[in-house]
Every structure is written in structure tokens, then in C-alpha cells.
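Chains as they are written, first to last, in the numbering used here: chain A, 1262 to 1518; chain B, 1262 to 1518.
Backbone N, C-alpha and C fix where the C-beta goes; we use that ideal spot for every residue, glycine too.
What you are looking at is a predicted structure, and each value in this text was computed from that prediction instead of being measured.
Some notes on the structure that comes next.
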DNA sequence: TCATATTTCTCATTTTTTGAGAATACCGCC
DNA sequence: GGCGGTATTCTCAAAAAATGAGAAATATGA
């Protein structure tokens, strides 16, 4: 293992179930000598990607929080959708959670969420948690708008074949409704969001308790999410125009902050 | 530049003022040939630390969001304080923002914040934003509980000398009150939080509009923040006991999730 | 289709990383 | 203040990887 991959391999060891590691454990898990593991950890330490916990144990460091903020402030999707998520949840009139999700490697990840104050449930989709690509309205809405080539690479040709009618239906309808596909008792209404110019494929979803989705309300909520998604899309395109597809030449190269 | 530093140097280029970069710009900024810059970006790309934006421009990638979540779920400080921040703000009875901050290199960074629904202001301290070490009640509360040696390393011996009486007063009183030190018109009440066993030095603050801090209310809010901070401290120590200072031997090494 | 800009590749050279163990620093404890 | 054990850093030659300049390939757009 070389270069960045070596460092990421260490960082990927940390998990909810195992949040702190000793150097000996890392060396063991990664099959490298301890002296190498120590050197790697020392580098990560000095960048704040890892920090000391109690007694010879290490945990993830605070640098991620700093970069997360930068992402929140600069990612076009998050910028365009921050207010919209709030508006959807308020407009829904029932307890609900709004989600903005996107492709992340071979998975789908929520990058922004907003729950109504009276939402007593929380969907499995939550900010920063990778989720399977082929289950749930949220994920399917994304798949529906991927190019065939990209889709095949991600899930394989045979899986594409199996999903083709379903994805075509989503493209035609402009939304995807899922009931209990991911979380028992919850239902999701998901709408794709695409911005060619920025290379973005994402989805906006509203998750509510299944039993709230009676006939008329289902229609209302679907329209709510769809128009919100279109609003985000047009914000994305507008921002893209505004800053120009090329250099944001007005802004200084030194950067602000 | 070698190893991790090479990759971090690229990541550190991205800022609020300059959120996307071309490879040529990176190569120029870091004084390396383009072929090297391309290789570095390719590695970052494959780990999701960077991603393509429009037309030959790159931006920070979604991997940070994933690690941020892990941090939120596993960092002892954030775990212990999540509910407490909410409780402080609700208990305050005036518009306010609760902050949990900690050392981050040579700066102080907020790692969790919570604003009351009626807070029409937002303090400069916000989650993930590095702030100066020696200004503001929030930062001073942290400095007050650092060892002399560590303090000298951070701000220099002469600066320590200058702050000594102030920091001693904070230690004695158990809190620090700052009015308009950082943000005009805002005041902060900050209380240090220390957990020796985990090597943590942090502070819990409540930021309100200065004019709300009349005599009796000031006392009440101060007590509110102080008791909340002590609650977090005892949670930290309790958790530390519960998991044991050494191996969490019950949990599998494979990790969950 | 051609022209342009972006990205990857090649390869000899330079630099870094590696691994095993020794040396050192650090800790609690008496 | 020294002791015993653990954590961390250091050493050095061998092995591996990064570097840089330019060529080649690929994508993009008119």
C-alpha cells in the first residue's frame, strides 16, 4: 500500500463500533509493522486527522469538522438546498424528514437533512451515512437519472437489466415512491436533481410515516417535493451561470475566510 | 513536500473564497509541475476527498461528510453534550446560541452548536470554524485550564505572562464572561470542561445579545451554563469508566457498521 | 472534422518509505 | 528518586515510490 491509500486505510479503521485504536491494533489490522504504523499515525496526528484519546489509544481528529464546514459552505448542492429542506418539512404539515442525497462511490449518501420538530422517527438515511445503491426511493431516484454506462459500471449489466422498467417509470413520472423499503413503517417520496454543468446527480426526498400517506395528501406532498426539487435545480443552474462555468475571475486567488 | 503533507497541502487550498481549483492553479500555488499535481489529485479523487466540478475544476469531496458523521457519533465530547446544548438554549429563556469548543492546533474550534429558534444573530464561533486562541470568553475558558507548559508552547511565554491574572481569575470563578470581544453586541458566558482521562480540554458557552444580560438574569444564565458544563464533565467521566480506560474488550475488533 | 484543452503515461533519476531492532521517553509505583 | 513496563521515536541499508519533462492519449467544442 502506498501514498494516500496508506493513510486512508488507517482512517477507515475507525468505526462506530470501534472508535479508538491502539497503534498495535492498527498494525495488526493492516498487516504492517508497528514502526510503520507509528509513522503513519504521527503524520495523521500532525494534520489533526487523528488525535490521542486515553492511554495509547487514538481516535478520529477534529480536522474533519473543519472540512465538513467548508463543504457545507461551498458545495453547490448544499448551498442550493439548505432553505428548501426546511421549507418542505414546514410545508408538509405532517411529521417528516427532508433529505438531500447523492452518489458516493458505489453507494448513496445523504449530505443534508432536516427533520420537523415533531418527527418522532429518524430514517436510516442520515447525513454522512453511506446507504445501498439499489434500495429505497431516495437511491432509485438517483439511479434513474444516471447514464446507462455509468449505471452498468456501478451495479453491473444484469442488475441494470432487472431495474430498467422501474427506473424508466421513475424517469417518466419524475418521482419515486417507496413504502417500507428501507425502514419499516416509513415512506419516502424522492425526486431526482440533476445539474449537468456541475456533474451532479442527486435526489431530494421527504420521509413520513406510511400511514400519513392517504390519497389526497400523497398528491400534495408529491407536488411539494417535486416543485422543491425543481427549485433546487434552477438555483443550481442559476448559480452556475452567475459564477460562470469558468474562472470566478472577480474573486481573489488568495481566498477569503 | 512528502507523504500526507503533500495531499493536505492540496486540500488546504480549498476555501470559502476559492472553492474550486483547476489542476494548473494548484500546481502553480504549490510550486509543483502539473504532472505531479495531476497524480495527487487523482489519488484524492479516488478517495472521495476531492471531486470534479464543472469543466476541469475540482472541489472538496463528500468523504469529509462521512468522516464528520463518524466523529459526531464517536467523539466523547460531542456525544456527551448533544442534549445538553439543546437544554441550555431552552432553559435560557432568551434568544441564544450554545457552543461547544475545543483546541484545534493553534486555534480554537467549535465542534457543536445549537441555536434557539428565535435567535436572530449568529456568533462568529460556528461548528468547524477555527477561531483565535486568545480572544473571546469561549477561547479564554479553554486557555484557563491548560497546563503552563502547553500554554507557553501555544501562545509564547510573554503572552502567558500577560494573561496570567485573567486566566487565574477564570480558574477561580469557574467561568468567563465576555462582552463584545468577538461580535459587537453579543456576550458569551463560557465554562471550561476538562476530562483528564481522555485528554480533553474544551469549553461550553452560551452566547446572547449583550443587552439581555441584566443583573439577575446574568446570574441565572451563568448558573445554567456552569451546571450544564459539570453535567457534561460527569458524563465524560462516567462514560470513560463505563467503557473502561483500556480496551473495550466486550466489543468485537471487527467493528460494527 | 479539426483544433484545443485536459488528463494520463513513460522512464531514468531522485527521494521517500520500509522494516527490524535498538534507543529513548514516559508512566505509575514503590 | 529509581524501577519496570509500555509507548514512541530513531537508525540505517534495502526496496519502493514519487518526481519531472515531455510524449501520447483522451475528451471537448466549434
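Could you tell me the boundaries of the alpha helix (DSSP H) in which residue i lies?
i: residue 1352 of chain B; result: 1337-1353
i: residue 1419 of chain A; result: 1418-1434
i: residue 1284 of chain A; result: 1284-1291
i: residue 1300 of chain B; result: 1295-1307
i: residue 1404 of chain B; result: 1398-1405
What residues are listed by DSSP as bridge partners for residue i?
i: residue 1374 of chain A; result: A/1360
i: residue 1388 of chain A; result: A/1371
i: residue 1272 of chain B; result: The partner list for residue 1272 of chain B (beta bridge, DSSP) is empty, contrary to what the question assumes.
i: residue 1394 of chain B; result: Note: residue 1394 of chain B sits in no beta bridge, so no partner.
i: residue 1334 of chain B; result: Beta-bridge pairing links residue 1334 of chain B to no other residue.
i: residue 1321 of chain A; result: A/1311
I want to see whether chain B comes within less than 8 Å of residue i, judged by CB atoms only; does it?
i: residue 1372 of chain A; result: yes
i: residue 1247 of chain A; result: Residue numbering for chain A in the displayed model covers 1262 to 1518; residue 1247 of chain A lies beyond these limits and cannot be assessed.
i: residue 1306 of chain A; result: no
i: residue 1335 of chain A; result: yes
i: residue 1510 of chain A; result: Per-residue confidence for residue 1510 of chain A stands at a pLDDT of 38, beneath the threshold of 50, marking its modelled position as unreliable; no derived number is given.
i: residue 1321 of chain A; result: yes
i: residue 1210 of chain A; result: This structure cannot settle anything about residue 1210 of chain A, because the visible part of chain A is limited to 1262 through 1518.
i: residue 1280 of chain A; result: yes
i: residue 1458 of chain A; result: yes
i: residue 1358 of chain A; result: no
i: residue 1352 of chain A; result: no
i: residue 1415 of chain A; result: no
i: residue 1265 of chain A; result: yes
i: residue 1514 of chain A; result: The predicted position of residue 1514 of chain A is uncertain, since its pLDDT is 36 and thus under 50; a value taken from the coordinates is nonetheless stated next. Taking Cβ atoms only, chain B reaches closer than 8 Å to residue 1514 of chain A, which makes this a yes.
Within 8 Å (strictly less), CB to CB, does residue i reach chain A?
i: residue 1275 of chain B; result: yes
i: residue 1445 of chain B; result: no
i: residue 1347 of chain B; result: no
i: residue 1389 of chain B; result: yes
i: residue 1325 of chain B; result: yes
i: residue 1463 of chain B; result: no
i: residue 1494 of chain B; result: no
i: residue 1363 of chain B; result: yes
i: residue 1380 of chain B; result: no
i: residue 1269 of chain B; result: yes
i: residue 1466 of chain B; result: no
i: residue 1377 of chain B; result: no
i: residue 1313 of chain B; result: yes
i: residue 1405 of chain B; result: no
i: residue 1309 of chain B; result: yes
i: residue 1366 of chain B; result: yes
Just checking residue i against the ligand MG - is the residue's beta carbon closer than 7 Å to any of the ligand's heavy atoms?
i: residue 1493 of chain A; result: The model on display carries no ligand, and the ligand MG is accordingly not part of it.
For the beta strand (DSSP E) that contains residue i, what are its first and last residues?
i: residue 1313 of chain A; result: 1311-1313
Item to complete: For the region 1273-1286 of chain A and the region 1316-1323 of chain A, state whether three or more C-beta atom pairs, one from each stretch, are separated by less than 8 Å.
Response: yes
Discussion item. To test your reading of the DSSP string, which unbroken beta strand (DSSP E) runs of 3 or more residues are found completely within the region 1438-1505 of chain A?
Written reply: 1447-1456 and 1461-1470
Discussion item. Below 8 Å, how does it come out for the region 1460-1473 of chain B and the region 1347-1366 of chain B: are there three or more Cβ pairs, yes or no?
Written reply: Short answer: they touch.
Fill in: Three or more C-beta pairs below 8 Å linking the region 1477-1494 of chain A and the region 1457-1467 of chain A
yes
Discussion item. With three or more C-beta pairs closer than 8 Å as the rule, is the region 1433-1446 of chain B touching the region 1381-1401 of chain B?
Written reply: yes
Worksheet item: Quick one: any contact between the region 1441-1456 of chain A and the region 1282-1302 of chain B, if contact means 3 or more CB pairs under 8 Å?
Response: No, because fewer than three Cβ pairs between the region 1441-1456 of chain A and the region 1282-1302 of chain B fall closer than 8 Å, the two stretches do not touch.
Practice prompt. Please determine if the region 1405-1421 of chain B and the region 1360-1377 of chain A are in contact, where contact requires at least 3 C-beta pairs separated by less than 8 Å.
Written response: Remark: fewer than three beta-carbon pairs, one from each stretch, lie closer than 8 Å, so the region 1405-1421 of chain B and the region 1360-1377 of chain A are not flagged as touching.
Worksheet entry | Touching by the beta-carbon criterion (3+ pairs, under 8 Å), the region 1329-1346 of chain B and the region 1301-1315 of chain B | They do not touch, by the three-pair rule.
Worksheet item: Using 8 Å as the threshold, is the region 1368-1377 of chain A in touch with the region 1332-1341 of chain A, meaning 3 or more CB pairs across them?
Response: With a cut-off of 8 Å, the region 1332-1341 of chain A and the region 1368-1377 of chain A count as touching, because enough Cβ pairs lie within range.
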